[in-house]
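Numbering (the working numbering), first residue to last: 3 to 459.
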């Protein structure tokens, strides 16, 4: 029988149909290796570089005794473990006294560092524990703990707790891996001498690191929560302040600004509504209207400040010493004889800081307003001078020539002197006020010209 011969094309097609389909793509081995190397570098950097400044634990505590607690604890640890370790090495393992003292010192004295440098202390203590385990091999008896002695285990757990309270999670993982590697290596090299303390230290250190790390993260979460609550409280206070300022601005607009507008309209329309007014009366009404309009302008500026969140209102020129003459003239029209004495070096100049210039004007303005309210008809003298370093503002009035104004009689006011003192305090100056023997009143302010300029309210 003649065998059936298949063509090469048919054979290739059959092999393709019967081949196993490829599985899901596998990650390249180079990628896994590089990822592992990156993780090892991260852990190595975390273990070799402390994550915090060398400040002691509880350094931010409010009370001094709380800040001293870590130092007292580490001193107590060293005072306890140093003699205990020497005694265990000499009696249980037969290590000579001098060598036992050196090993015990290397294993316990670095505990003094765990209050502020726990990672650096671990760099010293772990190698000392390993070397100490090698030195006790000759005197190792049956059933004696090895490679870690009981004092080593307990002291190492305190070290792990200090690390967990200060270092990052990567550093703790790296420390635990190095500890486990050292214990397992000693157990592998000396399997007959090892009785399981290496595994015990691995388990106990892991438990302590987990508990300490959880406490540290919980403390950080509480600290962040307190900071957030503080920010929220400040935001609530700021919102309350803005609401109060808005309410004050609304009341000022609805009450004061409304009445000032009515006064302005009445003063402007009086010559047209009332017939037979003398030129002096018409001039008086015009003066009243001008003063009311000026007050409205300053009121709008104040309202813009109160309604502004950043407390920056209208950036219009503020009144200063160049407006004192107009202020005195308005006071004279109000029935108070007043005179102004302005230093020649201050007239027509703008060399004064804006805060000093505005404060001087406001002090004179408030002092003259007090004269109108409290001492109607009294003679007032305003004097402003400068010696180059200080600006002196002096307002003196005589005894009143008539009864107090209706505003004073109603008990209104009382904030003028407080406002003047606040302005003077903000500029770093001094204010002297008080009655005079003849029944008058004196206001004297000294404003340092070299004071730091600031925008006055």
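We put the beta carbon where it would ideally sit given N, CA and C, even for glycine.
Are the beta-carbon atoms belonging to residue 208 and residue 178 less than 7 Å from one another?
Indexing the chain shown from 1 puts residue 208 at position 206. Indexing the chain shown from 1 puts residue 178 at position 176. Yes; because the gap between Cβ atoms is below 7 Å, this pair is in contact.
Quick check on residue 6: buried or exposed, where buried means 16 or more other Cβ atoms within 10 Å of its Cβ?
What you label residue 6 is simply residue 4 of the chain shown in a count that begins at 1. The predicted model places residue 6 with a pLDDT of 44, which falls under 50 and marks its position as unreliable; any figure quoted below should be read in that light. By the 10 Å Cβ count, residue 6 comes out exposed.
Expressed to the nearest angstrom, what Euclidean distance is found between the alpha-carbon atoms of residue 106 and residue 198?
Looking up residue 106 in the chain shown gives position 104. Looking up residue 198 in the chain shown gives position 196. C-alpha separation (whole angstroms): 22 Å.
Judging by CA-CA distance, which residue of 339, 367 and 294 is the nearest neighbour of residue 325?
Along the chain shown, read from residue 1 onward, the residue named residue 325 stands at position 323. Among 339, 367 and 294, the Cα nearest to that of residue 325 is on 367.
Assign residue 102 to buried or exposed, taking buried as 16 or more other Cβ atoms, counted over all protein chains shown, within 10 Å of its Cβ.
For this step, residue 102 is matched to residue 100 along the chain shown. Answer is buried; the Cβ neighbour count reaches 16.
Does DSSP put residue 324 in a helix, in a strand, or in coil?
One-based indexing of the chain shown puts residue 324 at position 322. In this structure, residue 324 counts as helix in the three-state DSSP scheme.
Going by DSSP, which residues form a beta bridge with residue 434?
On the chain shown, residue 434 is found 432 positions in, with the first residue counted as 1. Beta-bridge pairing links residue 434 to 446.
Tell me which same chain residues have a C-beta within less than 6 Å of the C-beta of residue 341, skipping the five on either side of it?
Locating residue 341 in the chain shown gives position 339, counting from the first residue. Hits under 6 Å: 383.
If distances are taken between C-alpha atoms only, which option among 90, 166 and 174 comes closest to residue 47?
For the purposes of this step, residue 47 is taken as residue 45 along the chain shown, with counting starting at 1. Comparing Cα positions, the closest option is 174.
Grab the span of the beta strand (DSSP E) containing residue 121 for me, first residue to last.
Your numbering for residue 121 matches position 119 in the chain shown. Where residue 121 is concerned, there is no enclosing beta strand (DSSP E), although the alpha helix (DSSP H) it sits in stretches over 120–137.
Verify the CB distance criterion: does residue 294 have a CB-CB separation below 7 Å to chain D?
Although the question refers to chain D, the structure presented lacks it and comprises just one protein chain.
For residue 369, which of helix, strand or coil comes out of DSSP?
As a first step, residue 369 must be located in the chain shown, where it is residue number 367. Of the three classes helix, strand and coil, the one that applies to residue 369 here is helix, per DSSP.
When you compare only the Cα positions, how much space is there between residue 440 and residue 289?
In the chain shown, residue 440 corresponds to position 438, counting from 1. In the chain shown, residue 289 corresponds to position 287, counting from 1. Rounded to the nearest angstrom, the two C-alpha atoms are 32 Å apart.
Please name the residue or residues paired with residue 342 in a DSSP beta bridge.
Here residue 342 is taken as the residue at index 340 of the chain shown, counted from 1. Paired residues: 384.
Does the count of Cβ pairs from the region 84–94 and the region 116–125 closer than 8 Å reach three?
Because the criterion of three Cβ pairs below 8 Å is not met, the region 84–94 and the region 116–125 do not touch.
Nearest to residue 359 by alpha carbon, out of 237, 187, 449 and 45?
Residue numbering aside, residue 359 sits at position 357 when the chain shown is read from its first letter. Measuring from the Cα of residue 359, the nearest candidate turns out to be 449.
In terms of residues, what are the limits of the beta strand (DSSP E) holding residue 399?
Sequence index remark: in the chain shown, residue 399 carries index 397 (1-based). Run containing residue 399: 392–399, per the beta strand (DSSP E) assignment.
For the region 136–144 and the region 160–176, state whether three or more C-beta atom pairs, one from each stretch, are separated by less than 8 Å.
No contact exists between the region 136–144 and the region 160–176.
What alpha helix (DSSP H) runs, 4 residues minimum, are completely inside the region 229–307?
Correct list: 260–275.
Under a Cβ-count criterion, where at least 16 other Cβ atoms within 10 Å of its own Cβ denotes burial, should residue 110 be classed as buried or exposed?
The count along the chain shown starts at 1 and reaches residue 110 at position 108. Classification for residue 110: buried.
Between residue 117 and residue 42, what straight-line distance do the alpha-carbon atoms span, to the nearest angstrom?
For the purposes of this step, residue 117 is identified with residue 115 of the chain shown, where counting begins at 1. For the purposes of this step, residue 42 is identified with residue 40 of the chain shown, where counting begins at 1. Cα to Cα, the separation comes out at about 28 Å.
Run the CB neighbour count on residue 370, radius 10 Å, all protein chains shown included, and call it buried at 16 or more, exposed below.
Stepping through the chain shown from its first residue, residue 370 is reached at position 368. Buried: at least 16 other Cβ atoms inside 10 Å.
State the DSSP-derived secondary structure class of residue 439, mapped to helix, strand or coil.
What you label residue 439 is simply residue 437 of the chain shown in a count that begins at 1. Coil, per DSSP.
For residue 377, collect the residues of the same chain with a Cβ closer than 6 Å to its Cβ; drop the 5 residues on either side in sequence, then sort them by chain order.
As a first step, residue 377 must be located in the chain shown, where it is residue number 375. Correct list, in chain order: 399 and 402.
Rounded to a whole number of angstroms, what is the C-alpha to C-alpha distance between residue 334 and residue 328?
As a first step, residue 334 is located in the chain shown; it is residue number 332 there, counting from the start. As a first step, residue 328 is located in the chain shown; it is residue number 326 there, counting from the start. Using only the alpha carbons, I get a separation of about 10 Å.
Sort 387, 301 and 397 by Cα distance to residue 330 and report the nearest one.
Locating residue 330 in the chain shown gives position 328, where the first residue counts as 1. If we check each option's Cα against that of residue 330, 397 comes out closest.
How is the alpha helix (DSSP H) around residue 2 delimited, first residue to last?
Nothing can be reported for residue 2, as the shown portion of the chain is limited to 3 through 459.
From residue 446 to residue 320, what distance separates their C-alpha atoms?
Your numbering for residue 446 matches position 444 in the chain shown. Your numbering for residue 320 matches position 318 in the chain shown. Using only the alpha carbons, I get a separation of about 22 Å.
Starting from residue 83, follow the alpha helix (DSSP H) in both directions and report where the run begins and ends.
Counting from one through the chain shown, the residue named residue 83 turns up at place 81. Residue 83 -> alpha helix (DSSP H) spans 66–93.
Measure the Cβ-Cβ separation of residue 108 and residue 130 and say whether it is below 7 Å.
By 1-based counting over the chain shown, the position of residue 108 is 106. By 1-based counting over the chain shown, the position of residue 130 is 128. Yes, the pair counts as a contact, with Cβ atoms nearer than the cut-off.
Are the beta-carbon atoms belonging to residue 75 and residue 113 less than 7 Å from one another?
On the chain shown, residue 75 is found 73 positions in, with the first residue counted as 1. On the chain shown, residue 113 is found 111 positions in, with the first residue counted as 1. Not in contact: residue 75 and residue 113 (Cβ atoms no closer than 7 Å).
Can at least three beta-carbon pairs, one atom from the region 232–248 and one from the region 179–187, be found at a separation below 8 Å?
Contact fails: fewer than three Cβ-Cβ distances are below 8 Å.
To the nearest whole angstrom, what separates the beta carbons of residue 429 and residue 361, a pair I think is in contact under 8 Å?
Within the chain shown, numbered from 1, the residue matching residue 429 stands at position 427. Within the chain shown, numbered from 1, the residue matching residue 361 stands at position 359. Yes, they are in contact, since the Cβ atoms of residue 429 and residue 361 sit about 5 Å apart, within 8 Å.
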